[in-house]
Amino acid sequence: MEPQQLISFPFVFAFLLFMLMLVKRSKKIKIQNYSLPLPPGPSKLPLIGHLHHLLGLPHHSLRNLAKIHGPLMHLKLGEVSAVVISSPSVAKQMMKTDDLMFVDRPQNLATKIMSYNGGDVIMAPYGEYWRQVRKICILELLSPKRVQSFWAVREEEVSNLIGTISLMVGSPMNLSKNIFTLTNDITARAAFGKTCKDKQAFITVMKEVVKLASGFAIADLFPSLSFLEMISGTKPKLERIHQKVDNMLDDIIREHKENRIAVKNLNEEVLEEDLVDVLLRLQEGGELEFPITMDNVKAITLVSILMKSIYFTMFDGMNKKYQVTAGILQLFCVLNSYIHHCSGHVQRRERYFINGSRMDIFRTTKKPKSYEKAQAEVRRIFHGKKKIHHEDMTGLNYLRLVIKESLGLHPPAPLLVPRECRERCEMDGYEIPKGSKVIVNAWAIGRDPEQWRDPESFEPERFEDKSIDYKGTNFKIYTIRGWQEDMSRYIVWNI
14 MEPQQLISFP FVFAFLLFML MLVKRSKKIK IQNYSLPLPP GPSKLPLIGH LHHLLGLPHH
74 SLRNLAKIHG PLMHLKLGEV SAVVISSPSV AKQMMKTDDL MFVDRPQNLA TKIMSYNGGD
134 VIMAPYGEYW RQVRKICILE LLSPKRVQSF WAVREEEVSN LIGTISLMVG SPMNLSKNIF
194 TLTNDITARA AFGKTCKDKQ AFITVMKEVV KLASGFAIAD LFPSLSFLEM ISGTKPKLER
254 IHQKVDNMLD DIIREHKENR IAVKNLNEEV LEEDLVDVLL RLQEGGELEF PITMDNVKAI
314 TLVSILMKSI YFTMFDGMNK KYQVTAGILQ LFCVLNSYIH HCSGHVQRRE RYFINGSRMD
374 IFRTTKKPKS YEKAQAEVRR IFHGKKKIHH EDMTGLNYLR LVIKESLGLH PPAPLLVPRE
434 CRERCEMDGY EIPKGSKVIV NAWAIGRDPE QWRDPESFEP ERFEDKSIDY KGTNFKIYTI
494 RGWQEDMSRY IVWNI
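Position one of the sequence shown corresponds to residue 14 (the numbering used here), numbered consecutively onward.
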């Protein structure tokens, strides 16, 4: 009996091992059978993947590819796996239904360096710190009430610009440059206050930051080849600019601290808080779950300046029921029509090309009826008034439609800030791999013939339908407000 027992033990062990391997294999087969295909995409080349398909303007190239391969595509950009969305229904799934799956942002070299390793609300990873900073932004920094508090700043700066233009009547001028100066001055005053001596230098440096952050960096496409950061010169350049920005922020914060101490010594209250004042007050209060460091203050200030620039461009002070549309752009259009109204020297055939609102004015001049209708409305509303206040803009209903149509055709952010898939998931019947970069082509959605009648034409009247939701929940009009939802969703609004 003993030899039989000795022989049976290894046999039983081998049998159990075989059964265990069989079970594992069957589970693996089930998982493989369950796995979904990746979204379709064009042919790719070794090493570079699909980069050769993106020549020219990226949002144009991606729309052309979407016409062939569908509204949900998978691309390989070097080593980076990317998913491109060109459909409002799929965008809704990503932005609303499965929003927590795509809450993170992919870090690249520029954002990592300039955001102080994710210390701001845009690049911070999903978690308790992100929730705290988001709450601060919602309640303190970018709430509609606070933005409305800067109307006096905007009115003053616009009035200064109109005065400058009045002095130039009959002479050529670079209106685009003056508009850029206007928006920069508004942004700087909101962030740093009127007396900040470094605000113009800071805005100049920020232009370099935006240029580098939005440019093409080969090191970001091949993250495993870290030496490319140095060989390409991208990292040293970013570090130099970051050091310059950091020094300026140190000076600005020091100046604000000194002003706050002086006010406290006089037992006075700070009547007008700018962005830096708010952050310093919260830091000194010591009531936050996660104490704000000085690097956090700098990171939040940087991203808030960028967001305020967008927000000022999009805020609607004409009607309180519209939280966000196009207030400052309306000011630009009002400015254009106001010049026509007040100055007999400006001929109707002349066109003002303004970056940001350039397409609004250019398209209305290409559509004489729309231009005449908008101009007549402005003349009627502002007849006999020497100065424009935002309360006077309530009746500019047709001009509001012009702005909405212009933003639909020419969104300021054609490709939304990318997101990152936190876990493997399913979207529209396809598998989205973990870690994939997800890009929404807002420009393509705004020109989708399945969603819009004659989408390439300029027809402001299409928005006279009062049933259309302008607050972001209707993803057919993604480019009118949806792109702001993506850019600042974690700062101000929730879908």
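From the three backbone atoms N, C-alpha and C, an ideal C-beta is built for every residue, glycine too.
Please report the straight-line C-alpha distance between residue i and residue j, rounded to a whole angstrom.
i: V451; j: N173; result: 42 Å
i: F205; j: D287; result: 6 Å
i: P183; j: I192; result: The sequence shown places Gly at residue 183, not Pro. If I take the Cα positions, the gap works out to 19 Å.
i: S235; j: F303; result: Correcting the residue identity first, residue 235 is Phe in this sequence and not Ser. Each residue's alpha carbon lies about 34 Å from the other.
i: L409; j: F395; result: 10 Å
i: R432; j: C150; result: 20 Å
i: A165; j: I244; result: 48 Å
i: F240; j: Y411; result: 55 Å
i: Q296; j: E141; result: 17 Å
i: R294; j: I313; result: 14 Å
i: G299; j: I135; result: 23 Å
i: H255; j: K398; result: 46 Å
i: L49; j: E436; result: 14 Å
i: H403; j: E168; result: 8 Å
i: V218; j: R76; result: 33 Å
i: R475; j: M261; result: 47 Å
i: R202; j: S100; result: 38 Å
i: F163; j: G62; result: 47 Å
i: G442; j: P427; result: 26 Å
i: V171; j: L195; result: 7 Å
i: Q213; j: L60; result: 43 Å
i: S179; j: D461; result: 42 Å
i: M186; j: G176; result: 13 Å
i: L155; j: A79; result: 35 Å
i: K400; j: A389; result: 18 Å
i: C434; j: R118; result: 9 Å
i: L70; j: I274; result: 50 Å
i: A137; j: D111; result: 19 Å
Since residue i and residue j should fall inside the 8 Å C-beta cutoff, what is the C-beta to C-beta distance between them, to a whole number of angstroms?
i: V453; j: I98; result: 5 Å
i: V96; j: L85; result: 7 Å
i: L225; j: L251; result: 6 Å
i: V258; j: V222; result: 7 Å
i: D263; j: Y129; result: Not a contact, Cβ separation roughly 13 Å.
i: V289; j: H269; result: 5 Å
i: E477; j: L414; result: 7 Å
i: H66; j: S74; result: 6 Å
i: A455; j: L429; result: 6 Å
i: E418; j: E463; result: That belief does not hold up - the Cβ atoms of E418 and E463 are roughly 18 Å apart, past 8 Å.
i: L122; j: K248; result: 6 Å
i: E444; j: L51; result: 6 Å
i: T124; j: I318; result: In fact, because the Cβ distance is near 15 Å, the residues do not count as touching under 8 Å.
i: G132; j: Q120; result: That belief does not hold up - the Cβ atoms of G132 and Q120 are roughly 12 Å apart, past 8 Å.
i: A387; j: H72; result: In fact, because the Cβ distance is near 27 Å, the residues do not count as touching under 8 Å.
i: M440; j: V146; result: The pair is not a contact, with the Cβ atoms about 28 Å apart (cut-off 8 Å).
Kindly indicate which three-state DSSP category residue i falls into: helix, strand or coil?
i: R432; result: strand
i: D117; result: strand
i: G299; result: coil
i: S94; result: strand
i: Y139; result: coil
i: L85; result: strand
i: I452; result: strand
i: V505; result: Reliability fails at V505, whose pLDDT of 30 lies under 50, so the model's placement of it is uncertain and the value that follows must be treated cautiously. Reduced to three states, the DSSP call for V505 is coil.
i: K489; result: Confidence in K489 is poor, its pLDDT being 49 and thus under 50, which makes the residue's placement unreliable; the coordinate value appears in the next sentence. K489 falls in the helix class under three-state DSSP.
i: L68; result: coil
i: L251; result: helix
i: L348; result: Per-residue confidence for L348 stands at a pLDDT of 47, beneath the threshold of 50, marking its modelled position as unreliable; no derived number is given.
i: M406; result: helix
i: S239; result: coil
i: P101; result: helix
i: H396; result: coil
i: K174; result: Note on identity: in this sequence residue 174 is Leu, with Lys being the wrong assignment. In this structure, L174 counts as helix in the three-state DSSP scheme.
i: K380; result: coil
i: T306; result: coil
i: S317; result: helix
i: T144; result: Looking at the sequence shown, residue 144 is not Thr but Arg. R144: helix per DSSP, three-state reduction.
i: E268; result: helix
i: F471; result: coil
i: H12; result: The first residue shown for the chain is 14 and the last is 508, placing residue 12 beyond what the model contains.
i: E259; result: According to the sequence displayed, residue 259 carries Asp and not Glu. Looking at D259 - three-state DSSP - the assignment turns out to be helix.
Is any non-hydrogen atom of the ligand FAD found closer than 8 Å to the C-beta of residue i, if you look at the structure I gave you?
i: S239; result: Among the components of this structure there are no ligands whatsoever, and the ligand FAD is therefore not found.
Who does residue i pair with in a DSSP beta bridge?
i: Y443; result: M440
i: L58; result: G62
Looking at chain B, is there any beta carbon in it that lies within less than 9 Å of the beta carbon of residue i?
i: L241; result: Among the chains of the structure shown, chain B does not appear; only one protein chain is present.
message: Report the start-end ranges of each alpha helix (DSSP H) in the segment 153-213 that is 4 residues or longer and not cut off at the edges.
response: For the segment 153-213, whole alpha helix (DSSP H) runs of length 4 or above, ordered along the chain, are 157-161, 164-180 and 188-205.
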